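Chains as they are written, first to last, in our numbering: chain A, 436 to 584; chain B, 11 to 317. Don't be surprised by glycine CBs; every beta carbon is placed ideally from N, CA and C. As the structure is a prediction and not an experimental result, all values here were calculated from the model.
Okay, here's the thing in structure tokens:
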């Protein structure tokens, strides 16, 4: 890919944040006026453990360049062990991405507590940078001709 | 007036045609009302005239068209389009036509990979080059019938069951609607589930536990015994009026031949997701793409590492 295209590319990133910790963490990042890239779209989910692998794959199929799943730290889950399940599923998601031919780096699992606003902001900045380096998701289905890799 | 029936077959083993024969006695009643106008496996009817004198392909008009097999080359595509034009109702017969079936496992490689394996790279093969004269070119991948032409009804299964086939044909003759099961194989499965969490997947050769002669309802769920069973992600109904799924009757795991309940889902994703939730690592399942999409590869399997 040429450098010119890489510079113009703005990744679309989906963040799935759990209601009890990570979404509150994102909120704290906002009210603390932490700066993080506008590439991130957040969807609030009740628990990271409810994120089925097919949701992540669907996001990537429908045009997301990266998906980051955020939950409470292990031991802090509002539902006792939802994030343990999320961790197991995240491993399965990585395997599935590889099987289906995606770059597994397009998916990331991270723990963000309600008190970690700045950490949430820097996590999003880092992940956006990783995806920017990877370039556009070649699997975007509805991509108009001439755009993308 | 007899109902006119046309049948075609593409990339298939003809097992579904044997299923037609397997209908048994009800077939005699069906045949009284049916006039077969085109069926290559049964009668000599050439597509371009008996001596190849026609310039255009010709399949007679028919009320019902049955097509088994997936689309593997341009000839299949061409015949499928002609069948669609000439048949009022078009039915996908068997898993190959419905979901790609076994031939769609070829979608795990590119056409070049396959041709190289078949004609060049295998050690026991003389390198004679690829055949290219007077044969139709391969399509870019294996397609299910509905990906190429509009299909009115699907009858999945490898092979499809005679009971379903007879039911569907009878319903059509009587002008009634025929509905497939919208439940999974597990809904029809009589085995005992105890909701045990497992951690390992066994090889099937280890042999599921059961007591010969005892009813199936006393046998423990094969998944709970540690054998990979595709029942949860597979359309039910293969048991017909007996309900008990065909493979379960033989103390075997479901292989997923009826395919998923919707064209939009990928059984591999659903199955790996479900197994991860109960604590089975996806890595334990070997060759996941082919194992979990064995009969439903059209539109789902792709060359790995090629995107």
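Residue i, buried or exposed, once every other Cβ within 10 Å from all chains shown has been counted against 16
i	result
residue 48(B)	buried
residue 103(B)	buried
residue 515(A)	exposed
residue 89(B)	buried
residue 142(B)	exposed
residue 177(B)	buried
residue 122(B)	exposed
residue 221(B)	exposed
residue 465(A)	exposed
residue 145(B)	exposed
residue 541(A)	buried
Selection from the options that minimises the alpha carbon distance to residue i
i	options	result
residue 278(B)	487(A), 458(A) and 457(A)	487(A)
residue 191(B)	269(B), 52(B), 148(B) and 288(B)	269(B)
residue 510(A)	475(A), 447(A), 494(A) and 548(A)	548(A)
residue 462(A)	562(A), 552(A), 560(A) and 563(A)	552(A)
residue 171(B)	251(B), 220(B) and 82(B)	251(B)
residue 169(B)	258(B), 248(B) and 272(B)	248(B)
residue 272(B)	109(B), 178(B) and 152(B)	109(B)
residue 159(B)	65(B), 97(B) and 132(B)	97(B)
residue 1(B)	540(A), 527(A) and 538(A)	Because chain B spans 11 through 317 in this model, residue 1(B) falls outside it and cannot be assessed.
residue 182(B)	56(B), 84(B) and 101(B)	101(B)
residue 507(A)	497(A), 520(A), 496(A) and 574(A)	520(A)
residue 57(B)	92(B), 31(B), 34(B) and 35(B)	92(B)
residue 256(B)	188(B), 274(B), 294(B) and 167(B)	167(B)
residue 266(B)	23(B), 65(B), 131(B) and 106(B)	106(B)
residue 282(B)	558(A), 502(A), 542(A) and 529(A)	529(A)
residue 502(A)	518(A), 525(A) and 517(A)	525(A)
residue 173(B)	124(B), 32(B) and 19(B)	32(B)
residue 229(B)	286(B), 258(B) and 66(B)	258(B)
Test item: CB-CB of residue i and residue j under 8 Å
i	j	result
residue 114(B)	residue 78(B)	no
residue 75(B)	residue 116(B)	no
residue 6(B)	residue 209(B)	The structure shown has nothing for residue 6(B), since chain B only spans 11 to 317.
residue 562(A)	residue 478(A)	no
residue 480(A)	residue 450(A)	no
residue 458(A)	residue 560(A)	no
residue 82(B)	residue 148(B)	yes
residue 306(B)	residue 175(B)	no
residue 469(A)	residue 556(A)	yes
residue 295(B)	residue 211(B)	yes
residue 236(B)	residue 199(B)	no
residue 24(B)	residue 152(B)	no
residue 14(B)	residue 71(B)	yes
residue 239(B)	residue 203(B)	no
Alpha-carbon to alpha-carbon, residue j and residue i
i	j	result
residue 243(B)	residue 467(A)	46 Å
residue 513(A)	residue 454(A)	9 Å
residue 500(A)	residue 443(A)	14 Å
residue 185(B)	residue 162(B)	14 Å
residue 483(A)	residue 544(A)	9 Å
residue 531(A)	residue 313(B)	14 Å
residue 86(B)	residue 494(A)	34 Å
residue 197(B)	residue 154(B)	26 Å
residue 99(B)	residue 263(B)	34 Å
residue 311(B)	residue 118(B)	6 Å
residue 316(B)	residue 534(A)	Reliability fails at residue 316(B), whose pLDDT of 47 lies under 50, so the model's placement of it is uncertain and the value that follows must be treated cautiously. Each residue's alpha carbon lies about 11 Å from the other.
residue 26(B)	residue 574(A)	36 Å
residue 201(B)	residue 254(B)	9 Å
residue 187(B)	residue 276(B)	27 Å
residue 125(B)	residue 308(B)	19 Å
residue 485(A)	residue 517(A)	8 Å
residue 546(A)	residue 505(A)	5 Å
residue 446(A)	residue 245(B)	38 Å
Contact test: residue i Cβ vs the ligand FMN heavy atom, cutoff 7 Å
i	result
residue 53(B)	As far as ligands go, the structure on display features none, and thus does not contain the ligand FMN.
| message | Could you check whether the region 292-309 of chain B touches the region 219-235 of chain B, counting it as contact only if at least three pairs of C-beta atoms, one from each stretch, sit closer than 8 Å? | response | no
| With contact counted as at least three CB pairs below 8 Å, one residue from each stretch, are the region 131-146 of chain B and the region 208-224 of chain B in contact? | no
| said: Could you check whether the region 52-64 of chain B touches the region 556-570 of chain A, counting it as contact only if at least three pairs of C-beta atoms, one from each stretch, sit closer than 8 Å? | reply: no
| task | Decide if the region 58-65 of chain B is in contact with the region 37-47 of chain B; the criterion is three or more beta carbon pairs, one per stretch, under 8 Å apart. | result | no
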